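The block underneath contains the structure these notes are about, expressed in structure tokens.
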Amino acid sequence: MLQQLFNPSVQHTLDLIGIFVFAISGALLAVRKNFDVFGIAVLAEVTALGGGLFRDLVIGAVPPAAFTDLGYFLTPLVAALLVFFLHPQVERIQTGVNVFDAAGLGLFCVSGTTKAYEYGLGLTASAALGLATAVGGGVLRDVLANEVPSLLRWDRDLYAVPAMVGAALVVLCIRYDALTPLTSALAAATAFALRLLAMRFHWRAPRAWNRRSSATEAEGRGERREEGREDGRAHKATA
Amino acid sequence: MLQQLFNPSVQHTLDLIGIFVFAISGALLAVRKNFDVFGIAVLAEVTALGGGLFRDLVIGAVPPAAFTDLGYFLTPLVAALLVFFLHPQVERIQTGVNVFDAAGLGLFCVSGTTKAYEYGLGLTASAALGLATAVGGGVLRDVLANEVPSLLRWDRDLYAVPAMVGAALVVLCIRYDALTPLTSALAAATAFALRLLAMRFHWRAPRAWNRRSSATEAEGRGERREEGREDGRAHKATA
Amino acid sequence: MLQQLFNPSVQHTLDLIGIFVFAISGALLAVRKNFDVFGIAVLAEVTALGGGLFRDLVIGAVPPAAFTDLGYFLTPLVAALLVFFLHPQVERIQTGVNVFDAAGLGLFCVSGTTKAYEYGLGLTASAALGLATAVGGGVLRDVLANEVPSLLRWDRDLYAVPAMVGAALVVLCIRYDALTPLTSALAAATAFALRLLAMRFHWRAPRAWNRRSSATEAEGRGERREEGREDGRAHKATA
Numbered sequence: 001m002l003q004q005l006f007n008p009s010v011q012h013t014l015d016l017i018g019i020f021v022f023a024i025s026g027a028l029l030a031v032r033k034n035f036d037v038f039g040i041a042v043l044a045e046v047t048a049l050g051g052g053l054f055r056d057l058v059i060g061a062v063p064p065a066a067f068t069d070l071g072y073f074l075t076p077l078v079a080a081l082l083v084f085f086l087h088p089q090v091e092r093i094q095t096g097v098n099v100f101d102a103a104g105l106g107l108f109c110v111s112g113t114t115k116a117y118e119y120g121l122g123l124t125a126s127a128a129l130g131l132a133t134a135v136g137g138g139v140l141r142d143v144l145a146n147e148v149p150s151l152l153r154w155d156r157d158l159y160a161v162p163a164m165v166g167a168a169l170v171v172l173c174i175r176y177d178a179l180t181p182l183t184s185a186l187a188a189a190t191a192f193a194l195r196l197l198a199m200r201f202h203w204r205a206p207r208a209w210n211r212r213s214s215a216t217e218a219e220g221r222g223e224r225r226e227e228g229r230e231d232g233r234a235h236k237a238t239a
Numbered sequence: 240m241l242q243q244l245f246n247p248s249v250q251h252t253l254d255l256i257g258i259f260v261f262a263i264s265g266a267l268l269a270v271r272k273n274f275d276v277f278g279i280a281v282l283a284e285v286t287a288l289g290g291g292l293f294r295d296l297v298i299g300a301v302p303p304a305a306f307t308d309l310g311y312f313l314t315p316l317v318a319a320l321l322v323f324f325l326h327p328q329v330e331r332i333q334t335g336v337n338v339f340d341a342a343g344l345g346l347f348c349v350s351g352t353t354k355a356y357e358y359g360l361g362l363t364a365s366a367a368l369g370l371a372t373a374v375g376g377g378v379l380r381d382v383l384a385n386e387v388p389s390l391l392r393w394d395r396d397l398y399a400v401p402a403m404v405g406a407a408l409v410v411l412c413i414r415y416d417a418l419t420p421l422t423s424a425l426a427a428a429t430a431f432a433l434r435l436l437a438m439r440f441h442w443r444a445p446r447a448w449n450r451r452s453s454a455t456e457a458e459g460r461g462e463r464r465e466e467g468r469e470d471g472r473a474h475k476a477t478a
Numbered sequence: 479m480l481q482q483l484f485n486p487s488v489q490h491t492l493d494l495i496g497i498f499v500f501a502i503s504g505a506l507l508a509v510r511k512n513f514d515v516f517g518i519a520v521l522a523e524v525t526a527l528g529g530g531l532f533r534d535l536v537i538g539a540v541p542p543a544a545f546t547d548l549g550y551f552l553t554p555l556v557a558a559l560l561v562f563f564l565h566p567q568v569e570r571i572q573t574g575v576n577v578f579d580a581a582g583l584g585l586f587c588v589s590g591t592t593k594a595y596e597y598g599l600g601l602t603a604s605a606a607l608g609l610a611t612a613v614g615g616g617v618l619r620d621v622l623a624n625e626v627p628s629l630l631r632w633d634r635d636l637y638a639v640p641a642m643v644g645a646a647l648v649v650l651c652i653r654y655d656a657l658t659p660l661t662s663a664l665a666a667a668t669a670f671a672l673r674l675l676a677m678r679f680h681w682r683a684p685r686a687w688n689r690r691s692s693a694t695e696a697e698g699r700g701e702r703r704e705e706g707r708e709d710g711r712a713h714k715a716t717a
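Quick mapping for you: the protein sequence lines, in order, are chains D, S and G. Per my numbering, numbering of the first sequence is gapless, rising by one per residue and ending at 239. Per my numbering, numbering of the second sequence is gapless, rising by one per residue and ending at 478. Per my numbering, numbering of the third sequence is gapless, rising by one per residue and ending at 717.
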């Protein structure tokens, strides 16, 4: 049967790793936004568990794993504490964090797609929900931090595409009855590798054709204004 | 019984039309916010399916139609592609889009109210959920775009009221056992017409009494600042 | 059994009081953000019912109480009307509102934790969901108003901690089989008192260690910019 892609304990460990690295990214944003220790913990939890929570609500798997597995709940708190005390060091190893985050992306798009199919969704819907599982937490993180979700911004390296490819590979395997721990691992690895390449070579997605430059630059200002420090300069500039 | 307001295939077509026009409005905002092609697709999906998704989660209709009906999922992608390639033309026919959006508003408040009642909600709750179905997608769209939901802003033409009237008419029909395809169509048409009139004559809702002007103008600035282009001017102004 | 902490009608009254005061806080923010009368009503509903709605979706209690109990739905509308006509007076008694809000916080963290346990969640998960029930509405309120949730901001008096303590006391009572109307009331009263003390003495939570001052002040600007009036000044300053 599908559910157990890997030896259960192996899969659980992989899940916890993905949760942990997503939590780190949430906690780091909380520090940049100058939140207090509870804000850091909340943003860590939301970033790490939001995607899976949405998936479980959609497929009717209630109560969601986020509220039934104590490890899922406690792991983000550990990440939040680490960032609270060590965030300068953690930021210095930002690259490392990004690599782990890419790993989490790969793992979540595969496990999310598989679980969605397990619960009776069609192939396309399963892939879409797997994608939502992988990127949902990050979107919630940015919304709570009152920023434009980096998932949507043109000036960010490709993030959704690697997860889409991973989810698509999983449904292809299901379609052709070839979903095994091995093929699942390959799908996750492919998403992981694509995300790494996107970061390495700054792959970006195109914006709509024929944008009027006016809109572009104005919006450019708009985006600058969203980050506190940049804004400091902006204000000096206008003074 | 209630569910089939119209011949099923007719109703499905009406749903797809509503989804399509809502998706257009989401995709257009994504272009204005300078999102990339995936951001455009995501905002189109969220705007078109968000309201119905919320409704289905509330009434426990899982998995939600958004994930079981392939047409519901693919239609927004088509809208996103259209906007991606043709958005200047699409914006030029903005009026046409607004008319379709008004049609979607009328259709969704009726079908949302009916489905909520089907699933056992009371009359008032059904109307409330029908309203949420009609306006929910637009609110999610604005939240993801990091803007104040236009639904809530005083400087926008009435949007919620037409949907409220449509939903209220449906529950009245249910209450008096008069819900037929015809009366349902009339309720949708009423909401549609009211929205058109609100846009034509710029009907607005009152703000709280005795606002201190200070708050008003300051907030006014605040709202101006939310749109990139306007903001460009604002900065020049202060320079 | 757990559910009935108090005589049902007593508990229902307490719920309505909590809903009412949360709705007041939502409506007041809507007035400050210059929303129209419908925006005020929407923000009142979301603030008052959002936390419980999230809890009910997570535990699978659908349709949620917010859509089955007419009183839950109508109470926020009454609060919205009051604020619409009397908001200067309501703001003058802001302290009173804060006291009621603290009471709502205490009541909701207790009833939320109890209901979560009733539906089979573990003790930790029940406490977490009780906390989410108590603070969720306020977070949704701030997100819809396009502001950084005050729950997360370091420059706000402690809000989550009192609710955490209340929820923790409830699970301790459950763990040691001591959950009675009396102990439940004591837990709610403790959360209530802690919140009052936090407001009275401006207790704040620490931010991450070793923040670089640059980030701090820049973010400080960022936060100032979020409030319309302040911003007015800011602009004059730069002119």
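Cβ coordinates follow ideal geometry from the N, Cα and C atoms, glycine included. All of these numbers come straight from a predicted model, not from anything done at the bench.
Contact criterion: CB-CB distance below 8 Å. Does residue i meet it with respect to chain G?
i	result
D:Leu-76	Before going further, note that residue 76 of chain D is Pro rather than Leu in the sequence given. Output row for D:Pro-76: interface = no.
S:Val-297	yes
D:Phe-67	yes
Looking at the C-beta of residue i, does it have a partner C-beta in chain D at a distance below 8 Å?
i	result
S:Leu-390	no
G:Pro-542	no
S:Gly-278	yes
S:Phe-274	yes
S:Phe-261	no
In whole angstroms, give me the CA-to-CA distance for residue i and residue j.
i	j	result
G:Glu-496	G:Leu-527	Rather than Glu, the amino acid found at residue 496 of chain G in this sequence is Gly. So the alpha carbons of these two residues sit roughly 10 Å apart.
S:Trp-442	G:Ala-605	47 Å
S:Val-196	G:Ala-641	Residue 196 of chain S lies beyond the stretch modelled for chain S, which goes from 240 to 478, so this question has no answer here.
D:Phe-108	S:Val-409	42 Å
G:Phe-562	G:Val-509	8 Å
G:Leu-657	D:Phe-54	32 Å
S:Gly-290	S:Ala-371	6 Å
S:Leu-309	S:Ser-264	21 Å
G:Ala-603	G:His-565	38 Å
S:Asp-254	S:Leu-379	19 Å
D:Gly-136	S:Val-281	11 Å
D:Phe-201	D:Ala-23	25 Å
S:Ala-283	D:Arg-175	27 Å
D:Leu-144	G:Glu-625	9 Å
S:Met-438	S:Pro-388	17 Å
D:Gly-120	D:Gln-89	44 Å
D:Ser-9	G:Tyr-637	38 Å
S:Thr-422	S:Gly-345	13 Å
D:Leu-29	D:Ala-205	24 Å
S:Phe-259	S:Val-338	13 Å
D:Ile-40	D:Val-97	17 Å
G:Ala-580	G:Leu-674	7 Å
G:Trp-687	D:Phe-38	14 Å
Return the first residue and the last residue of the alpha helix (DSSP H) that residue i is part of.
i	result
G:Glu-596	572–596
D:Ala-65	65–68
G:Ser-628	That residue, G:Ser-628, is in no alpha helix (DSSP H); it is neither H nor E in DSSP.
G:Leu-535	515–537
S:Val-382	362–383
S:Ala-427	420–439
G:Pro-486	486–510
S:Ala-406	399–414
Return no unless some Cβ of chain S is closer than 8 Å to the Cβ of residue i.
i	result
D:Leu-43	no
D:Ala-27	no
D:Trp-203	no
G:Leu-548	yes
G:Phe-532	no
When you compare the stretch 71–79 of chain D with the stretch 110–117 of chain D, are there three or more beta-carbon pairs, one atom per stretch, that lie closer than 8 Å?
no
Determine, using beta-carbon pairs with one atom in the stretch 32–45 of chain D and one in the stretch 626–633 of chain G, whether at least three such pairs fall under 8 Å.
yes
Mind listing which residues of the stretch 98–124 of chain D have their C-beta closer than 9 Å to chain S's C-betas, in chain order?
Ala-116, Tyr-119, Gly-120, Leu-121, Gly-122, Thr-124
Residues of the stretch 367–398 of chain S in Cβ contact with chain G at a cutoff of 9 Å, in chain order, please.
Ala-367, Leu-368, Val-374, Val-378, Asp-381, Val-382, Asn-385, Glu-386, Val-387, Pro-388, Leu-390, Leu-391, Arg-392, Trp-393, Asp-394, Arg-395, Leu-397, Tyr-398
Interface positions of the stretch 77–94 of chain D facing chain G (Cβ-Cβ less than 9 Å), listed along the chain
Val-83, Phe-84, Phe-85, Leu-86, His-87, Pro-88
Using Cβ-Cβ distances below 8 Å, what residues of the stretch 417–449 of chain S are close to chain G?
Arg-443, Ala-444, Pro-445, Arg-446, Ala-447, Trp-448, Asn-449
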